[in-house]
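Before any comments, here is the structure.
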Amino acid sequence: GQNIDQPTEMTATEGAIVQINCTYQTSGFNGLFWYQQHAGEAPTFLSYNVLDGLEEKGRFSSFLSRSKGYSYLLLKELQMKDSASYLCAVSEPRWAGNNRKLIWGLGTSLAVNP
Amino acid sequence: DAGVIQSPRHEVTEMGQEVTLRCKPISGHDYLFWYRQTMMRGLELLIYFNNNVPIDDSGMPEDRFSAKMPNASFSTLKIQPSEPRDSAVYFCASSPLDEFTDTQYFGPGTRLTVL
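First to last, the protein sequences are chains A and B. Using my numbering, you'd call the opening residue of the first sequence number 1 and step up by one each time. Using my numbering, you'd call the opening residue of the second sequence number 115 and step up by one each time.
Next up, the structure:
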């Protein structure tokens, strides 16, 4: 079956570093997305990993290990505005027909405290 | 670019009424997705289109739900008759035809409340 696991909630302090983990078990794999969703708003794209390793983008970094079915999102120098839900999603291989579906985790709600 | 546009932003209706949600994707995007989001079930894909043609509707809950895409710039999701358990936020997303990534861009959503 298709399964994506993330912690439900996390709490961190302003200025600190937090790591949000995501493990996946899917029948196929093309790439892994991280999206950010503030309360009452739409999900917005943060990062996309296809190859193993770390991708850095400002204060945010995303890591992927395909052999372990594991990814994490690293947020540095946390700010209050980083309080949001972070969604992990896996895309399936293109060979599966005209497949553009993403398999979504339930999201990790991050609270950043002063 | 205006981004994905959805209307209405909020809808309150009574059980049994027909509800129509509307979406305008980003111009030039080939794929359009309809999602439903609840606290319990997260983001659920209902249906998606490629070049106006439905590709996968396996997530549509039941016959009360239907979706159409008459042209590249407009899609509707209809619920008839609506039930209280349909209360959720409905998102529309679009995606370009891209060899390397499936990035989806979301609209602001429609918050539906069925009383």
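From the three backbone atoms N, C-alpha and C, an ideal C-beta is built for every residue, glycine too.
A:Asp82 carries a helical assignment under DSSP once its states are collapsed to helix, strand and coil.
Chain A places a beta carbon closer than 9 Å to that of B:Asp216, counting this residue as a contact.
Cβ proximity to chain A below 7 Å picks out Tyr145 from the stretch 129-151 of chain B.
Residues of chain B with a Cβ closer than 7 Å to the Cβ of A:Pro43 are, in chain order, Phe220.
Here A:Pro7 carries a coil assignment [DSSP, helix/strand/coil]. Counting of Cβ neighbours within 10 angstroms places A:Val90 among the buried residues, the total reaching 16 or more.
According to the DSSP secondary-structure assignment, B:Gln120 is paired through a beta bridge with B:Cys137. Membership of B:Ala207 in the beta strand (DSSP E) is indicated by the continuous run Ala202 to Ser209. Under the three-state reduction of DSSP output, B:Pro195 falls in the coil class, being neither helix nor strand. Linking A:Gln37 to A:Asn99 through their CA atoms gives a straight-line distance of about 24 Å.
Collapsing the DSSP output to three states places B:Gly156 in a strand. Per DSSP, B:Ser172 lies in no beta strand (DSSP E) and is assigned neither H nor E. The alpha-carbon of B:Pro139 is positioned some 26 Å away from that of A:Val50. The continuous beta strand (DSSP E) containing A:Phe60 extends over residues Phe60 to Ser65.
Between the alpha carbons of B:Gln194 and A:Asn21 lies a distance of about 40 Å. Between the alpha carbons of A:Gly15 and B:Met183 lies a distance of about 46 Å. Residues of the stretch 150-166 of chain B with a Cβ closer than 7 Å to any Cβ of chain A, in chain order: Gly156, Leu157, Leu159, Tyr162 and Asn164. In its chain, beyond the 5 residues on either side, Ser47 have a beta carbon closer than 7 Å to the beta carbon of A:Lys57. Shown here for B:Thr127: same chain residues with a beta carbon closer than 8 Å to its own, the five before and five after excluded, namely Val133, Ser196, Leu226, Thr227, Val228 and Leu229 in chain order. When only Cα atoms are considered, B:Thr215 and A:Gly28 end up about 15 Å apart.
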